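K.L.:
So that we are looking at the same thing, I have put the structure below in structure tokens.
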Amino acid sequence: MCAIWRISVGTRKTEKHNRTTIFSPLFERKWGVLGTFCIVLLLLFLAIYLVNPEPILKKIDALAGVSASPAPAPDALEVYVLDVGQGDCILLRTPGGKAMLVDAGEAIYAARIKRFLDGFGITRLDAVVATHPHTDHIGSMAELISAYEIGTFYLPDTPHTTESYLNMLEALERAHVRTKTVYAPGTLNLGDKDVSIRILSPFEGVDYNAEGMNNWSIVLRVQYGETSILLTGDAEAYAEGVMRANLKDQDLCATVLKLGHHGGSTSSTEAFLTAVSPEIAVVSAGAGNDYGHPHRETLALLAKYGIPLYRTDESGTIKIMLDGSGVSVETERE
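The sequence shown runs 345 to 678 under the working numbering.
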């Protein structure tokens with residue numbers, strides 16, 4: 345069984361103001377005085393800009409959510425489960441200043457993902473993982489590959505013929521990105537000595553094709569200090585069973601579990617859940633999705649073991665901080 349870690353939970357809310365209400369008194373005044381004031385203010389702004397434009401440009405970038413320089417490395421392992429609807433996209437930032445992206449949601453979320461990465465001033469992703477070829481996990485990959493320098497791109501050894509998958513391969517070739525197919529057991533070297541990443545699935549020689557593409561998902565256990573997170577892609581019961589048969593429970597044990605296949609009942613079996621023994625769970629699912637994810641069977645199982653669940657469909661983007669001895673969570677909305 346895993347050790348019991350300290351958990352602290354916080355929420356972040358963004359207040360939206362009604363601009364019409366705030367500024368409406370201005371429109372009741374005479375425009376003569378107001379117009380003159382605005383012209384003088386504009387001329388003053390232009391004069392300051394012509395003398396020294398750099399501070400003003402930096403301020404504009406900040407207001408637009410664009411970082412002029414890379415954000416400082418965090419004190420903890422930061423894991424962001426982005427709200428990309430019915431898909432997966434996870435950003436990891438390490439204390440050593442490394443960045444890794446796991447999956448990239450549907451193509452319609454490419455701009456949102458780029459804005460999020462740009463907000464940290466990220467220009468290089470040291471590792472990118474496409475857990476499996478389904479479009480809700482790789483739809484935005486081609487655009488992201490073209491936009492960022494990538495250290496190594498990891499994918500499972502299973503070809504696919506969808507347009508999203510072929511576009512991803514073409515983008516990798518155009519950008520001359522080093523690619524690597526992976527099998528378990530293995531490791532992924534991110535270049536941060538304090539963060540270890542183990543590859544727990546898929547295993548070579550196992551016929552995952554008979555059980556569906558989801559079971560080809562790359563499963564990663566990322567550890568920092570005494571804390572860890574298990575990222576499962578869309579791995580279902582078959583892949584979970586293969587892992588349990590080939591690994592010890594201590595290899596699967598993690599502080600945080602990212603539920604497989606958006607919390608579907610075909611994943612996160614009771615045997616797997618007890619082996620992982622997480623203190624908290626997180627799931628990426630679209631609000632009001634047609635699949636009913638996360639399924640009530642999964643929710644009941646988590647409730648049975650008293651495992652709190654954080655959901656992107658309810659809370660938006662979720663930030664998980666693993667400081668080596670404990671875990672804390674912040675959410676975009678309550």
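Idealized CB from N, CA, C, for every residue including glycine.
Every value quoted in this text rests on a predicted model; they were computed, and no experiment measured them.
Could you check how far apart the C-beta atoms of Gly670 and Asp536 are, in whole angstroms? I think they sit under 8 Å.
P.N.:
Stepping through the sequence shown from its first residue, residue 670 is reached at position 326. Stepping through the sequence shown from its first residue, residue 536 is reached at position 192. Actually they are not in contact, since the Cβ atoms of Gly670 and Asp536 sit about 19 Å apart, beyond 8 Å.
K.L.:
On the DSSP bridge list, what partners appear for Tyr527?
P.N.:
The count along the sequence shown starts at 1 and reaches residue 527 at position 183. Tyr527 is not bridged to any residue.
K.L.:
Cα separation between Arg456 and Ala448?
P.N.:
Position 112 of the sequence shown, counting from 1, holds the residue named residue 456. Position 104 of the sequence shown, counting from 1, holds the residue named residue 448. Taking the straight line joining both Cα atoms gives about 10 Å.
K.L.:
How many whole angstroms separate the CB atoms of Thr339 and Arg522, which I take to be in contact at a CB cut-off of 8 Å?
P.N.:
For residue 339 there is no data in the structure shown, the boundaries of the chain being 345 and 678.
K.L.:
Report the residue from Gln430, Pro418, Tyr453 and Ile452 whose alpha carbon sits nearest the alpha carbon of Lys442.
P.N.:
Here residue 442 refers to the residue found at position 98 of the sequence shown. Comparing Cα positions, the closest option is Pro418.
K.L.:
Going straight from the alpha carbon of Gly585 to that of Ser621, what length do you get?
P.N.:
Walking along the sequence shown from the start, residue 585 turns up at place 241. Walking along the sequence shown from the start, residue 621 turns up at place 277. Taking the straight line from one Cα to the other gives about 16 Å.
K.L.:
Any idea what DSSP makes of Ala415, helix, strand or coil?
P.N.:
For the purposes of this step, residue 415 is taken as residue 71 along the sequence shown, with counting starting at 1. Reduced to three states, the DSSP call for Ala415 is coil.
K.L.:
Can you tell me where the beta strand (DSSP E) with Tyr654 in it begins and where it stops?
P.N.:
Walking along the sequence shown from the start, residue 654 turns up at place 310. Taken as a continuous stretch (DSSP letters only), the beta strand (DSSP E) holding Tyr654 covers Leu653 to Arg655.
K.L.:
How many Å lie between Glu422 and Leu617 at the Cα?
P.N.:
Residue mapping note: residue 422 aligns to position 78 of the sequence shown, counting from 1. Residue mapping note: residue 617 aligns to position 273 of the sequence shown, counting from 1. Taking the straight line joining both Cα atoms gives about 23 Å.
K.L.:
For the beta strand (DSSP E) that contains Leu510, what are its first and last residues?
P.N.:
Locating residue 510 in the sequence shown gives position 166, counting from the first residue. For Leu510, no beta strand (DSSP E) encloses it; the enclosing alpha helix (DSSP H) starts and ends at Glu507 to Arg518.
K.L.:
Helix, strand or coil, according to DSSP, for Thr479 in the structure here?
P.N.:
Walking along the sequence shown from the start, residue 479 turns up at place 135. In the structure shown, Thr479 sits in a helix (DSSP, three-state: H, G or I).
K.L.:
If the criterion is Cβ atoms closer than 7 Å, does the pair Ala598 and Ile573 meet it?
P.N.:
Sequence index remark: in the sequence shown, residue 598 carries index 254 (1-based). Sequence index remark: in the sequence shown, residue 573 carries index 229 (1-based). By the CB criterion at 7 Å, Ala598 and Ile573 fall inside the cutoff.
K.L.:
Checking the sheet assignment: what are the DSSP bridge partners for Lys602?
P.N.:
The residue you call residue 602 lines up with position 258 of the sequence shown. The partner list for Lys602 (beta bridge, DSSP) reads Leu575 and Val626.
K.L.:
Using alpha carbons as the reference points, say which of Gly608, Lys602 and Ser484 lies closest to Tyr654.
P.N.:
In the sequence shown, residue 654 corresponds to position 310, counting from 1. Residue Lys602 is the option with its Cα nearest to Tyr654.
K.L.:
Note down, in chain order, each residue of its chain lying with its Cβ closer than 7 Å to the Cβ of Asp470, except the 5 sequence neighbours on either side.
P.N.:
Here residue 470 is taken as the residue at index 126 of the sequence shown, counted from 1. The answer, listed in chain order, is Lys442, Ala443, Met444, Gly495, Leu534 and Gly535.
K.L.:
Sorted by chain position, which residues of the same chain lie with C-beta nearer than 7 Å to Glu658's C-beta, five sequence neighbours on each side aside?
P.N.:
Residue mapping note: residue 658 aligns to position 314 of the sequence shown, counting from 1. Hits under 7 Å: none found.
K.L.:
If you reduce the DSSP assignment to three classes, tell me which class Ser545 lands in.
P.N.:
Here residue 545 corresponds to residue number 201 of the sequence shown, with the count starting at 1. Here Ser545 sits in strand by DSSP.
K.L.:
Spell out a yes or no on whether the segment 504–518 and the segment 575–592 are touching, meaning 3 or more CB-CB pairs, one atom from each, closer than 8 Å.
P.N.:
no
K.L.:
Could you spell out the range, first to last residue, of the beta strand (DSSP E) harbouring Leu435?
P.N.:
Residue mapping note: residue 435 aligns to position 91 of the sequence shown, counting from 1. Looking at the DSSP string, the run of the beta strand (DSSP E) that includes Leu435 is Ile434 to Arg437.
K.L.:
Taking the alpha carbon of Ser540 as the point to measure from, which residue in His637, Glu548, Arg437 and Leu488 has its own alpha carbon closest?
P.N.:
Position 196 of the sequence shown, counting from 1, holds the residue named residue 540. Among His637, Glu548, Arg437 and Leu488, the Cα nearest to that of Ser540 is on Arg437.
K.L.:
Check Val566 in the structure and name its three-state DSSP category.
P.N.:
As a position in the sequence shown, residue 566 is number 222, starting the count at 1. Residue state, collapsed to three classes: strand.
K.L.:
Apply the 10 Å Cβ neighbour rule to His605 and answer buried if 16 or more other Cβ atoms are within range, or exposed otherwise.
P.N.:
On the sequence shown, residue 605 is found 261 positions in, with the first residue counted as 1. With 16 or more Cβ atoms within 10 Å of its Cβ, His605 is classed as buried.
K.L.:
What residue range is occupied by the uninterrupted alpha helix (DSSP H) comprising Tyr552?
P.N.:
The residue given as residue 552 occupies position 208 in the sequence shown. Note, Tyr552: premise wrong, no alpha helix (DSSP H); not H, not E.
K.L.:
Taking C-beta to C-beta, are Gly556 and His476 nearer than 7 Å?
P.N.:
Position 212 of the sequence shown, counted from the first residue, corresponds to residue 556. Position 132 of the sequence shown, counted from the first residue, corresponds to residue 476. No, they are not a contact pair.
K.L.:
What number of angstroms, rounded off, separates the C-alpha of Glu674 from the C-alpha of Thr571?
P.N.:
Along the sequence shown, read from residue 1 onward, the residue named residue 674 stands at position 330. Along the sequence shown, read from residue 1 onward, the residue named residue 571 stands at position 227. So the alpha carbons of these two residues sit roughly 17 Å apart.
K.L.:
Can you check whether the CB of Asp432 is closer than 7 Å to the CB of His481?
P.N.:
Numbered from 1 along the sequence shown, position 137 holds the residue referred to as residue 481. Numbered from 1 along the sequence shown, position 88 holds the residue referred to as residue 432. Yes; because the gap between Cβ atoms is below 7 Å, this pair is in contact.
K.L.:
Please list the terminal residues of the continuous alpha helix (DSSP H) segment that includes Thr642.
P.N.:
Within the sequence shown, numbered from 1, the residue matching residue 642 stands at position 298. Counting along the chain, the alpha helix (DSSP H) containing Thr642 begins and ends at Arg640 to Lys648.
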